[in-house]
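The numbers in UniProt numbering rise by one with no breaks, and the one at position 70 of the sequence shown is 70. Heads up: the structure comes next, in structure tokens.
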Amino acid sequence: MEKKRRGMTLANKQLAAGWIFLTPATILIFIMSFYPIIKAFITSLKTGKGVNIAFADPLTYNYTRMLQDSIFMTSMKNTFFYLIIQVPIMLILAILLAQLLNNKDLKFKGLFRTCIFLPCATSLVSYSLIFKSMFATQGLINSVLIKIGIISENINWLGTPSTAKAVIIIALIWRWTGYNMVFYLAGLQNIEYSVYEAAKIDGASGWKTFWYITVPLLKPTIVMTAIMSINGTLQLFDESMNLTSGGPANSTITMSHYIYNQAFGQGVGQLGYTSAMSFIVFILVGILAFISLKVGDTRD
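Encoded structure:
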């Protein structure tokens with residue numbers, strides 16, 4: 001009893017040390033993450049502009065308003081269109097490139113890896129402006145296509161809804177494929193080469209080895225990159241803002257772009273409404289991340 005009174009036990013000291021290290025991080029996470037989420041939800045129940053906001057009557061006014069807002073519904077459709085088309089293509093390309101560049105016999109693979117990764121080190125604004133100039137009516141893409149005879153006249157890439165969306169998807173794939181490839185390369189390098197040698201001895205083809213060995217062993221990495229890509233696409237802003245300005249006629253606008261417009265653009269200061277839209281984006285991110293985790297969970 002006297003020893004216990006003199007001081008804490010080793011287990012209690014370890015527990016106390018753990019809490020001491022965790023407390024600052026926990027406080028910061030609450031202040032920087034959870035408090036803004038709570039504050040945004042409370043603000044989403046208010047209406048008005050600037051500082052002149054008060055609780056709406058009814059409280060769900062901003063949420064019912066979204067259902068009647070044709071531009072917001074268009075922005076949601078556009079965002080999910082980018083998500084459904086761009087994310088699978090980008091992740092498949094990233095896996096295939098990682099598989100190719102993981103070949104131990106490939107020469108200059110360091111150079112190839114660097115070249116593919118470089119786009120994601122480019123400024124978001126800079127690369128958007130470069131793509132905008134390339135796909136301009138008198139831009140490089142039209143000039144090249146006319147010279148090789150694929151088209152006979154200039155295409156207004158950014159002035160037509162379908163082609164403008166295609167340009168955004170191409171830009172996203174170019175920008176983020178190398179980023180995801182790095183994760184897959186790291187995952188591939190953790191797979192023992194003896195596994196592939198055993199498959200080769202058993203007579204497995206390259207495609208079967210990839211599908212039945214590489215993909216299952218990369219499943220945790222695939223789930224992680226899928227969640228990050230879904231999260232990033234649902235919050236897509238720069239490409240819509242800098243490439244097309246949401247046009248033509250809001251045909252390429254994203255949810256984040258529309259939220260920005262309502263908060264700081266033509267809507268100026270509709271904080272309650274923009275908070276409600278932001279909260280919907282937050283819920284969508286959470287739902288899709290949960291679905292991705294459940295799909296990727298192989299535990300019984």
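By construction, the Cβ of each residue, glycine as well, lies at the ideal position given by its N, Cα and C atoms.
In chain order, Leu217 place their CB closer than 6 Å to the CB of Ile191, counting only its own chain and leaving out the 5 sequence neighbours on each side. By the neighbour-count criterion, in which 16 or more other beta carbons inside 10 Å mark a residue as buried, Met32 falls on the exposed side. Under the three-state reduction of DSSP, Phe72 is assigned to helix. Straight-line spacing of the CA atoms in Ile213 and Phe108 works out to 26 Å. Taking the Cα of Ile253 as reference, the smallest distance to any Cα among Ala263, Glu239, Gly265 is reached at Glu239.
When C-beta atoms of the stretch 112-122 are compared with those of the stretch 268-282, fewer than three pairs fall below 8 Å, so the two segments do not count as touching. Here Phe135 is not near Val87, since their CB atoms are 9 Å or more apart.
DSSP lists Ile53 as the bridge partner or partners of Gly48. For a cut-off of 8 Å, the C-beta gap from Ser278 to Ile259 is around 6 Å, short enough to register as a contact. By the Cβ test, the stretch 73-84 is in contact with the stretch 219-236, since at least three Cβ pairs between them sit closer than 8 Å. Out of Gly48, Leu284, Ser251, Met241, the CA that lies nearest to the CA of Thr160 is found in Ser251.
By the neighbour-count definition (other C-beta atoms within 10 Å, threshold 16), Asn156 is an exposed residue.
When Cβ pairs closer than 8 Å are counted between the two stretches, the stretch 166-185 is seen to touch the stretch 126-133, the count reaching three or more.
For Ser133, the secondary structure class from DSSP, reduced to helix, strand or coil, is helix. Short of 6 Å from the beta carbon of Phe282, and not among the five residues preceding or following it, lies no beta carbon of its own chain.
An exposed status is given to Asn12, since fewer than 16 other beta-carbon atoms sit within 10 Å of its beta-carbon.
In this structure, the alpha-carbon of Asn103 lies about 49 Å from that of Ala263.
Nearest to Ile287 by C-alpha distance, out of Ser275, Gly247, Ile227, is Ile227. With contacts defined as CB atoms closer than 9 Å, Lys46 and Ser275 qualify as a contacting pair.
The continuous alpha helix (DSSP H) containing Asn180 extends over residues 161-189. Contact between Ser229 and Asn180 holds, with the beta-carbon distance rounding to 7 Å and staying under 8 Å. Each residue's CA atom was taken as its position, placing Gly232 and Val285 some 9 Å apart.
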